[in-house]
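The UniProt record's numbering applies: residue 1 is where the sequence shown begins, and numbers increase by one.
Heads up, the beta-carbon is just placed ideally off N, CA and C, and yes, glycines get one too.
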Amino acid sequence: MGQIPRYLVAISELERCHGSPVPTGSVATELGRSPSTTTEMIQRLENEGLVVYERYAGVSLTPEGERKAAELTHTFETLCTFCRDILQLEDYEAEAMRLTGSVSPVVADRLEATLLE
């Protein structure tokens with residue numbers, strides 16, 4: 001998964017667990033990144049209209065960011081199931097994470113339908 005998808009999924013998960021706005025330090029810890037690198041990426045996400053960043057308060061997903069994060073989370077969960085149940089990979093979550101940003105929603109939906117058959 002590329003950096004933007006990883007950040008969106010992490011922010012979404014942190015919002016769900018701890019509320020919004022999410023401190024940028026929490027995002028940095030979740031992703032194993034430095035605070036400065038995290039702030040730079042969050043500012044990039046803000047420029048793309050995916051988050052609202054309030055200095056010293058934290059970051060929140062915009063409606064478009066929420067939609068994108070939900071789509072990516074669904075793809076990640078589908079790929080986890082595929083990598084675990086079909087490919088029987090030991091580190092299935094890491095492999096699913098690497099693939100998530102590369103798989104379109106159409107492919108994820110069709111893969112999910114195939115897994116449910």
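Between A10 and E30 the beta-carbon gap is near 5 angstroms, inside 8 angstroms, which marks them as a contact. DSSP lists E54 as the beta-bridge partner residues of G58. V103 sits in coil when the DSSP states are folded into three classes, being neither helix nor strand.
Rounded to the nearest whole angstrom, the CA to CA distance from L8 to L72 is 8 angstroms. The way I'd put it, the stretch 35-50 doesn't touch the stretch 88-96; fewer than three beta-carbon pairs between them come closer than 8 angstroms.
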